[in-house]
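Per our numbering, the sequence shown starts with residue 57, numbered consecutively.
Since the structure comes first, as structure tokens, the remarks are kept for the end.
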Amino acid sequence: MTKKTVKNNSFPFAFSILTPDSFVSGHPLSIDGGVIMFCESGKAEFTINSNKYFMTSEKMAFIVFDMVVVPTWQSVDFKVKFVSMDFDSAQDNFFIVTSNRFWDFVYKSPVFVVPEDMVGIIRHWLSIMEWIYFNCPDMEREIVMRNEMENFILIMAEQVEARLGALGENPSKNRAWTLVNDFIGLINRHYASHHDVAFYADKLNISSNYLNIITKKNSGISAKEQINIQIIIVVKALLDTTDLSVKQISERLHYDDPSYLCRIFRKQTGMSPLQYRNKLRSNS
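Written out as structure tokens, the structure reads:
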């Protein structure tokens, strides 16, 4: 059972201890901004952007808002400590990290083994976060948890650089970079019901044309392609972890015409949704 949390829905950070009954297999986790999970015991299987990962004791997961995370199985003794932050806090924290190698590592290895010399440090940090969350008054709790999270992410980035080697110069994070990241965050929140570029441009108070320009410059693809990529990640996860029909998936993602979603899927993957599901199951 999920550990009792402070009743403040607007608080930007949360701390929980989660066990198997905290997860619903086949249903994506709600990730507002970012999540750090550390496995205390047991084992669980997740798909993250349709790739399969196992969490076992002393493994950590670093999840960000544009990842689709679906729990598929947990052992009865599975237990994780779970620190989450809302979208605005995640953006503030992520912006301070200048290491490209850190972000490459997070996206390539969202679930990873904690180095032996770091296990005690991470356990200690989580204990501090837990104590702050359940014992400090609201105002002090937010300030201290924000500082602790910022320091932890910076330390994590420094550890990745130290262990994997330094990169060259990192690109500057200007307003366009921030807008593109805000756009990706908005897609993560609204992909199920809004598939048009104009909706996101309006949310960002910019034109659709400008959103396309900065998205293409920063990620190499158009804004519409970015939306479609997120949709296809979700479709893959649902094909992999549920028995929903293509029509049911289309309805869940607010596509009136399943054939249109199928065309997008085929363009992204080179196969139909059913071919993709059959290929997954024939290989399992």
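Every residue, glycine too, gets a C-beta built ideally from N, C-alpha and C.
No experiment lies behind these values; they were computed from the predicted model shown.
Looking at the structure shown, is residue i part of a helix, part of a strand, or coil, going by DSSP?
| i | result |
| --- | --- |
| Y109 | strand |
| C318 | helix |
| I269 | helix |
| A100 | strand |
| G241 | helix |
| I188 | helix |
| I92 | strand |
| M141 | strand |
| T128 | strand |
| G224 | Low confidence applies here, because G224 scores a pLDDT of 47, under 50, leaving its location unreliable and the question unanswered by this model. |
| F69 | strand |
| Y311 | coil |
| H250 | coil |
| G176 | helix |
| S275 | helix |
| V162 | helix |
| I152 | coil |
| S301 | coil |
| S183 | helix |
| S81 | coil |
Using CA atoms only, rank isn't needed, just tell me which of the options is closest to residue i.
| i | options | result |
| --- | --- | --- |
| G241 | S249, I209, A232 and Y256 | Y256 |
| V290 | L317, D313, A70 and S264 | L317 |
| D88 | N339, S106, R179 and A146 | A146 |
| T128 | G82, R245 and G90 | G82 |
| R179 | M141, M116, D142 and S338 | M116 |
| Y163 | V216, T297 and D312 | V216 |
| E172 | E114, A293 and S328 | E114 |
| R202 | C95, S140, L260 and M212 | S140 |
| D133 | F161, G98 and S106 | G98 |
| A70 | V120, D142, F79 and V175 | D142 |
| I211 | F158, K273 and R245 | F158 |
| I243 | V80, V120 and C95 | V120 |
| Y266 | R231, H310 and Y311 | R231 |
| D160 | E206, A213, V175 and E186 | A213 |
| Y109 | G90, F168, S72 and N284 | F168 |
| K186 | D312, M327 and S72 | In the sequence as presented, Lys is not what sits at residue 186; that position holds Glu. Answer by Cα proximity: S72. |
| L346 | E96, F102 and D144 | As displayed, the chain neither begins before 57 nor continues past 340, which places residue 346 out of reach and without an answer. |
Residues in the same chain with beta-carbon distance under 8 Å from residue i, minus the five sequence neighbours each way, listed in chain order, please.
| i | result |
| --- | --- |
| I288 | I320, F321, Q324 and T325 |
| F67 | D194, R197 and E198 |
| V200 | I188 and C192 |
| L295 | I305, P329, Y332, R333 and L336 |
| V170 | F94, E114, K115, M116 and I178 |
| R308 | A248, L294 and L300 |
| T297 | S81, G82, T103, V126 and T128 |
Please work out which residues of its chain come closer than 6 Å, Cβ to Cβ, to residue i, disregarding the five sequence neighbours upstream and downstream, and give them in chain order.
| i | result |
| --- | --- |
| I54 | Since the first and last residues shown for the chain are 57 and 340, residue 54 lies out of range. |
| N64 | Residue placement at N64 cannot be trusted, given a pLDDT of 48 that sits under 50; what the coordinates show is reported in the next sentence. None. |
| S264 | V253, A254 and A257 |
| K280 | V253 |
| T234 | none |
| K272 | S278 |
| N339 | none |
| A100 | M111, Q130 and F134 |
Which residues bound the beta strand (DSSP E) around residue i?
| i | result |
| --- | --- |
| A117 | K115 to V120 |
| V132 | Neither: V132 is in no beta strand (DSSP E) and is coded neither H nor E. |
| F168 | V167 to V169 |
Within the continuous alpha helix (DSSP H) that includes residue i, where are the two ends?
| i | result |
| --- | --- |
| T75 | Segment: none, T75 is in no alpha helix (DSSP H) and carries neither H nor E. |
| P329 | P329 to N339 |
| M201 | D194 to L220 |
| I283 | A279 to T297 |
| V253 | V253 to L260 |
| I87 | Counting along the chain, I87 falls outside any alpha helix (DSSP H), and DSSP gives it neither H nor E. |
Report back the beta-carbon spacing between residue i and residue j to the nearest angstrom; my notes put them in contact at under 8 Å.
| i | j | result |
| --- | --- | --- |
| F118 | I92 | 6 Å |
| K137 | T75 | With a Cβ gap of about 11 Å, K137 and T75 do not count as contacting. |
| N149 | I188 | With 8 Å as the limit, N149 and I188 do not qualify as a contact, their Cβ atoms being about 16 Å apart. |
| A248 | S106 | No, A248 and S106 are not in contact; Cβ-Cβ is about 17 Å, not under 8 Å. |
| V236 | I270 | 6 Å |
| I184 | E206 | Wrong, their Cβ atoms sit about 14 Å apart, outside the cutoff. |
Leaving out the 5 sequence neighbours to the left and right, which residues in its chain are closer than 7 Å to residue i when beta-carbon positions are compared?
| i | result |
| --- | --- |
| H310 | A248 and S249 |
| N274 | A232, W233 and V236 |
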